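Peer 1:
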Amino acid sequence: MPASLVHLHTNNCSSIFAHPPMLIQTQINPTLKIPSFSRKPIQTHTLKDICLRGNLKEAFQSLPVSSNDHPDETYAPVLELCAQKKALSQGLQIHAHMIKSCSVSESVFLATKLVFMYGKCGSVRNAEKVFDQIGQRSIFTWNAMIGAYVSNGKPFEVLQTYKEMRVLGVPLYAYSFPSLLKASGLLKNLYLGAEIHGLAVKFGYDSTVCVVNSLVAMYAKCDDLFGARRLFGRIDQKDDVVSWNSIISAYSSNGRSMEALELFREMQKAGLDSNTYTAVACLQACGDYSFRKLGKEIHAAVLKSAQLLDAYVAGALVAMYVRCCKMSEAVRTFNKLEEKDKVAWNSVLTGFIQNGMCSEALHFFHDFQNAGEKPDQVTVISILVACGRMGYLLNGMELHAYAIKIGFDLDLQVGNTLIDMYAKCSCVNYMGYAFNRMPDKDLISWTTVIAGYAQNSYALKAFELFREVQLIDIDVDPMMIGSILLACSELACVS
DNA sequence: GCTGATGAAC
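In terms of full-length UniProt numbering, the first sequence has 216 at position 216, counting the first letter as 1, and numbering is strictly consecutive.
1. Work out the CA separation of N436 and N395 for me, nearest whole Å.
2. DSSP three-state call for Y173: helix, strand or coil?
3. Measure the alpha-carbon distance for Q93 versus G351 and round it to whole angstroms.
4. Contact between the segment 268-281 and the segment 237-254: three or more CB pairs below 8 Å?
5. Quick one: residues in its chain with C-beta nearer than 7 Å to the C-beta of residue 526, no 5 flanking neighbours on either side, listed in chain order?
6. Quick check: the Cα distance between A316 and P439, rounded to an integer number of angstroms?
7. Helix, strand or coil for residue 528 per DSSP?
8. Look at the alpha carbon of A98 and the alpha carbon of S176, and state the distance between them as a whole number of angstroms.
9. Given a threshold of 16 other Cβ atoms within 10 Å of its Cβ, counted over all protein chains shown, does S207 qualify as buried or as exposed?
10. In chain order, what residues of the same chain lie with their CB nearer than 7 Å to the CB of N355, ignoring the 5 residues before and after it?
11. How would you label S483, buried or exposed, when you count the other beta carbons within 10 angstroms and need 16 or more for buried?
12. Between the alpha carbons of L190 and N55, how many angstroms are there, rounded?
13. Which ranges would you report for the alpha helix (DSSP H) in the segment 239-264 if only whole runs of at least 4 residues count?
14. Got a sec? Which residues, its chain only, sit under 7 Å from Q43 by beta carbon, not counting five neighbours each side?
15. Grab me the residues of E259's own chain with a C-beta within less than 6 Å of its C-beta, minus the 5 sequence neighbours each way, in chain order.
16. Measuring only the C-alpha atoms, how far is V469 from V216?
17. If you compare alpha carbons, which of I139, G255, L460 and L88 is closest to Y118?
18. Provide the residue span of the alpha helix (DSSP H) that contains L337, from first to last.
19. Pull up the CB-CB distance for L399 and I383, whole angstroms please, since I reckon it's below 8 Å.
20. On the premise that C222 lies in contact with G255, defined as a C-beta separation below 8 Å, what is that separation, rounded to the nearest angstrom?
21. Once DSSP output is grouped into helix, strand and coil, what is the label at T278?
22. Can you name the start and end residues of the alpha helix (DSSP H) that R137 belongs to?
23. With a threshold of 7 Å on Cβ separation, who are the neighbours of A487 within its own chain once the five nearest residues in sequence on each side are excluded?
24. Any idea if G198 is buried or exposed, counting beta-carbon neighbours within 10 angstroms, 16 or more meaning buried?
25. What do you get for N346, buried or exposed, if any count of 16 or more other CB atoms within 10 angstroms of its CB means buried?
26. Do V150 and K129 have their CB atoms nearer than 8 Å?
27. Over what stretch of residues does the alpha helix (DSSP H) that includes Q470 continue unbroken?
28. Which residues bound the alpha helix (DSSP H) around Y205?
29. If contacts are defined as beta-carbon pairs under 8 Å, then L79 and L114 qualify, I think. What distance do you get, rounded to the angstrom?
30. If you scan the segment 93-138 from start to end, which runs of the beta strand (DSSP E) of 3 or more residues do you find wholly inside it?
Structural data, given as structure tokens:
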């Protein structure tokens with residue numbers, strides 16, 4: 001690309017000629033000035049370049065063996081690279097290297113980088129350990145810590161840290177808000193979100209584009225679409241793709257396809273380029289059969305624009321075809337994927353089940369296992385549903401054993417599906433066992449188990465559990481009443 | 001130096 005070369009070239013020139021007085025001095029005695037450039041900065045600069053190139057192995061080989069005079073410049077780029085690659089074991093090695101050369105405790109900058117690296121690599125505990133040891137924390141340190149919490153799905157910890165910041169009087173800066181607002185959204189705590197919104201106004205960051213975008217997302221996650229729309233409407237310069245993506249995604253994830261797609265059209269009219277996030281949000285809105293044509297159009301546009309299909313876009317495409325009951329298209333899209341991740345596998349799997357193709361789902365599960373994938377909760381739930389519908393008790397039990405082995409049977413949703421599977425396979429004893437083992441039970445658990453007993457002619461057992469439901473504070477739902485009526489007719493009692 | 005918006009299930 002000639003244009004970027006020219007750009008780079010002029011940039012270098014401007015930095016060299018940025019200090020004319022120096023230049024005058026060097027002109028007096030140029031030959032002596034040249035060797036006075038120390039070798040150190042050149043070395044660390046190359047390490048930074050290696051890191052920018054993204055080769056972790058090369059970066060490791062270029063690390064100085066003993067302690068050096070520029071720990072910040074040495075370690076910061078390597079830590080950043082570890083974070084980018086989510087390379088925890090390498091990050092730990094760098095941390096060890098740093099301890100050996102005594103450069104962690106003195107530098108808040110490097111300690112903050114460590115917190116950031118551990119957060120990105122998914123090790124909240126290590127991030128906390130480093131964070132706790134830092135005496136004088138900067139606002140960057142606090143932001144790195146709450147960022148680590150929020151990106152690892154720990155909104156309660158964000159809330160706690162936020163309270164600590166308030167008590168200590170740490171002033172919030174622009175970049176504190178996105179993480180705090182995301183945590184409010186994860187907690188669906190509109191009250192907290194509004195409080196943080198208030199602080200953003202107080203500190204004067206409510207017009208900062210990333211803060212506004214985070215606010216839009218927060219209100220949407222807290223089911224306040226009106227609030228999200230009002231904020232989006234107040235943005236003067238609507239020229240940021242993320243702002244549009246936030247509001248489109250707000251509508252599409254709340255099932256408001258029409259509004260989402262109207263906003264997408266408006267965005268196109270404004271002449272803004274969409275990206276993968278836009279595609280995902282729009283595809284989500286194309287779940288309705290009536291939008292299948294638009295979904296195909298977006299599919300075509302995506303194929304045209306991206307050389308390599310983004311994992312999220314691919315997943316959204318598969319999910320879109322599933323919702324439009326186009327399983328052959330879904331499978332075709334899935335097969336074209338170079339990197340098939342778990343969500344993509346699960347989308348196809350649940351697609352088969354939603355479309356009543358249980359034996360296809362079981363076949364597909366064999367492919368899943370042959371590909372060396374490990375089932376997660378969603379996979380287990382899908383296969384249990386298929387087993388139940390097909391009446392495959394032995395396969396269901398096998399999956400139950402697997403679920404127990406890795407502790408999934410304690411999961412509420414997995415437990416509920418196990419109850420349903422055993423009920424459908426008329427295996428009442430194991431159904432009761434699965435139900436009793438559940439540490440938490442919700443309305444669906446009770447409804448499913450009562451229906452299971454009633455449908456398998458265990459009317460008295462159904463009554464017994466119904467009485468228990470009335471004792472604990474759970475609302476009775478129509479499904480449950482239906483099961484109890486069935487049990488009544490079984491016993492021919494009308495009382 | 002830290003930051004914002006994405007795909008799956010009973």
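Backbone N, C-alpha and C fix where the C-beta goes; we use that ideal spot for every residue, glycine too.
No experiment lies behind these values; they were computed from the predicted model shown.
Peer 2: This is what the structure gives:
1. 21 Å
2. coil
3. 43 Å
4. The segment 268-281, when compared against the segment 237-254, does touch it at the 8 Å Cβ threshold.
5. The displayed coordinates of the chain run from 1 to 495. Any statement about residue 526 would go beyond what the structure contains.
6. 34 Å
7. Nothing can be reported for residue 528: it is not among the residues displayed for the chain, which extend from 1 to 495.
8. Inspection of the sequence shows that residue 98 is occupied by Met rather than by Ala. Between M98 and S176, the C-alpha separation is close to 28 Å.
9. exposed
10. C325 and M327
11. With 16 or more Cβ atoms within 10 Å of its Cβ, S483 is classed as buried.
12. Rounded to whole angstroms, the separation of the alpha carbons of N55 and L190 is 43 Å.
13. 241-253
14. Residue confidence for Q43 is low, a pLDDT of 49 falling below 50, so the modelled location carries little weight and cannot support an answer.
15. Y251
16. 40 Å
17. L88
18. No alpha helix (DSSP H) holds L337; DSSP gives it neither H nor E.
19. 6 Å
20. Not confirmed; about 16 Å, so no contact.
21. helix
22. Segment: none, R137 is in no alpha helix (DSSP H) and carries neither H nor E.
23. A454, A459, A462 and F463
24. exposed
25. buried
26. no
27. Looking at the DSSP string, the run of the alpha helix (DSSP H) that includes Q470 is A459 to L471.
28. Counting along the chain, Y205 falls outside any alpha helix (DSSP H), and DSSP gives it neither H nor E.
29. 6 Å
30. none
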